[in-house]
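Below is one structure, written out as C-alpha cells, with a few remarks after it.
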Amino acid sequence: MTENQYTQDRQTDRQTDRQTDRHLISILVPCYNEEAVLRQFYARTSEVIRGIPDYDFEFVFVNDGSRDGTLAIMRELRAKDARVSYINLSRNFGKEIAMIAGIDYLQGDAAVIMDADLQDPPALIPEMISWWEKGYDDICAKRRSRAGETFFKKWSSHAFYRILQHLTNIPIQPDVGDFRLLDKQCLNALRLMRESQRYTKGLFSWIGFNKKEILFDRDARAAGKTKWNYWKLMNLAIEGITSFTIAPLRAASFLGCILAFVAILYMVYIVVRTLLYGGDVAGYPSLISVILFIGGVQLLFLGIIGEYLGRVFNESKFRPLYLVKDYNGKIMIDQKEARK
Ligand code: UDP
Ligand code: MG
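So, in C-alpha cells, the structure goes:
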C-alpha cells in the first residue's frame, strides 16, 4: 500500500466515523506563570473554534506550578465554561513534563498542543483540522519567521537542528515546535513513552506516522515573559542529543583508536631513530603539550560518559513523571487514580 493510499484510507475512515458520532478535539495548553495572557488566549481561541461547529472542543490547561494567578484564572474559566478542565501539578516540572501530563488526561480524538502566550496563532486550528480530515495524523506548524527573537537565538537553534540531524537516524524536523495537531493514534503512542528526561520534539519525530507540515509566521509573545534562557536552551540541546543518539560515545571510541594508532606509528619512529642515531632527551615542551592534550580529551569524554550514566541513573529510579495536586478541583490523594 503506498503512502498516498494509506492517507486516503485514513481520510475515508475519519469521514465515516464522523457520520456516526461527533469528534472531540482537545486543546492542550501547558502554562507556567501566564496570568498576563491566559484570559486573552482563551478568548481568542474560543473565537476561532466558534467558527468550527462540526466538532466538539475541550480546553485542557496544565498548571505547571505557577507562582502567580494562573490557577485562579483556570478555575474561573472552568466555572464559566464546562469545556475547560485543568490539571494542577504539584510543582514546576517544566514544559516537556507538563505536556505529557496533559496528554495523559485529555480525552479528545485529536489534540492541538499550544503555548499560552499566543505565539502559536489559534487561527491555524481550522487548517490543521482540515488536514487531519484528509487523513494526516500529525500536522505540525513550521515557523516561516520568528518575530521577537534575536539573531543569535535564530542562528543557534538552526545550528543545533543541523547537528542533531547529522547525529541521529530519525528525521528531526527543523523549525517545528510543539504546536501541532495529533491524532489519537499518536497520542496513545506518546502515552507509552514514560522516559523522565523528555525531549518531546524528538519523540514526535520518533513516533513517525503520517506527518504534514504547514507554514506559519510565529508572532512575538502577546504578554508576559519567556521562561527560556540560554542556559535552559543549552541544557535542552544536550538533552536532545543524549536522548536520541549515542554518537558522542562512539566518537570517543573513534578518537581513541586514531590517537592510539598515531601513537604506535610515532613509537616505531622513535625506536628506529634511537637505534640508528642514538638517544637524546630533548622534547620536553612537546611531551607536555601532548600529555595535556590527551588529558583534556580524556576528561571531555569522561564528561560525556557521565552524561549518559546520569540518564541511566535518572531513568532507573522509575519515578512517576509528575504529581498532580488536583484535577478540576478534585484532590488527588492517590496518584494512581490520576487518569480517571
Ligand atoms: N511552560 C511550562 N512550564 C515551564 C516553562 C514554560 O508549562 O516550566 C509553558 C509556558 O507557559 C508556555 C509554553 O510552555 O505556554 C512556552 O513557554 P515560553 O513562551 O516561555 O517559551 P518560548 O515561546 O519563549 O520558547
Ligand atoms: Mg512563547
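Here the sequence shown stands for residues 710 to 1049, where the numbers follow my numbering.
Here a beta-carbon is modelled for each residue, glycine too, at the ideal position from N, C-alpha and C.
All of these numbers come straight from a predicted model, not from anything done at the bench.
> Taking 7 Å as the cut-off, is the CB of Gly811 close to at least one heavy atom of the ligand UDP?
Replying inline: Distances from the CB of Gly811 to the heavy atoms of the ligand UDP are all 7 Å or more.
> In whole angstroms, what is the alpha-carbon distance linking Gly811 and Ile796?
Replying inline: When rounded, the separation of the alpha-carbon atoms in Gly811 and Ile796 is 7 Å.
> Under three-state DSSP, which class holds Glu767?
Replying inline: Three-state result, Glu767: strand.
> Where does Leu1032 sit, in a helix, a strand or coil, going by DSSP?
Replying inline: If DSSP states are grouped into helix, strand and coil, Leu1032 belongs with coil.
> Since Gly911 is in the beta strand (DSSP E), which residue starts that stretch and which ends it?
Replying inline: DSSP places Gly911 outside any beta strand (DSSP E); the residue lies instead in the alpha helix (DSSP H), whose first and last residues are Thr909 to Ile916.
> So what's Tyr978 in DSSP terms, helix, strand or just coil?
Replying inline: Look at Tyr978 here: in three-state DSSP terms it is helix.
> Distance, Cα to Cα, Asn1023 vs Tyr908?
Replying inline: Each residue's CA atom was taken as its position, placing Asn1023 and Tyr908 some 14 Å apart.
>> Considering only their Cβ atoms, is the gap separating Val738 from Ala825 smaller than 8 Å?
In response: Yes, the Cβ-Cβ distance between Ala825 and Val738 is below 8 Å.
> So, is Phe750 buried or exposed, given that buried needs 16 or more other C-beta atoms within 10 angstroms?
Replying inline: Buried, since its Cβ has 16 or more Cβ neighbours within 10 Å.
> Who are Asp926's beta bridge partners in DSSP?
Replying inline: Beta-bridge analysis with DSSP links Asp926 to Ser854.
> Between which two residues does the alpha helix (DSSP H) harbouring Arg900 extend?
Replying inline: DSSP places Arg900 in the uninterrupted alpha helix (DSSP H) bounded by Lys893 to Leu901.
>> Does Val738 come out as helix, strand or coil in the three-state DSSP assignment?
In response: Three-state result, Val738: strand.
>> Nearest by alpha-carbon distance to Gly911: which of Ala929, Asp892 and Asp887 is it?
In response: Ranking the options by Cα distance to Gly911, first place goes to Asp887.
> Near the ligand MG, which residues have their beta-carbon closer than 6 Å to a heavy atom?
Replying inline: That gives Asp824, Asp826, Gln828, Arg930 and Thr935.
>> Tell me the DSSP secondary structure of Asn772 in three-state form.
In response: When DSSP states are grouped into helix, strand and coil, Asn772 belongs to the strand group.
> Which stretch, first to last residue, makes up the alpha helix (DSSP H) that contains Leu798?
Replying inline: Counting along the chain, Leu798 falls outside any alpha helix (DSSP H), though it belongs to the beta strand (DSSP E) covering Val793 to Leu798.
> From the DSSP output, which residues share a beta bridge with Ile848?
Replying inline: DSSP lists Leu890 and Lys921 as partners of Ile848.
> DSSP puts Leu747 in a beta bridge; with which residues?
Replying inline: Answer by DSSP bridge pairing: none, since Leu747 is not bridged.
> Say the cut is 7 Å; is the CB of Trp840 nearer than that to a heavy atom of the ligand UDP?
Replying inline: Trp840 Cβ: outside cutoff for every heavy atom of the ligand UDP.
> To which residues does DSSP link Ala781 through a beta bridge?
Replying inline: According to DSSP, which records beta bridges pairwise, Ala781 is partnered with nothing at all.
>> Under DSSP, the alpha helix (DSSP H) around Val999 begins and ends at which residues?
In response: Looking at the DSSP string, the run of the alpha helix (DSSP H) that includes Val999 is Tyr993 to Ser1025.
>> Rounding to the nearest angstrom, what Cα-Cα distance links Gly803 and Ile1000 in this structure?
In response: Going by the C-alpha atoms only, they are around 42 Å apart.
> Between Tyr741 and the ligand UDP, is the CB less than 7 Å from at least one heavy atom?
Replying inline: Placement of the Cβ of Tyr741 at a distance of less than 7 Å from at least one heavy atom of the ligand UDP is found.
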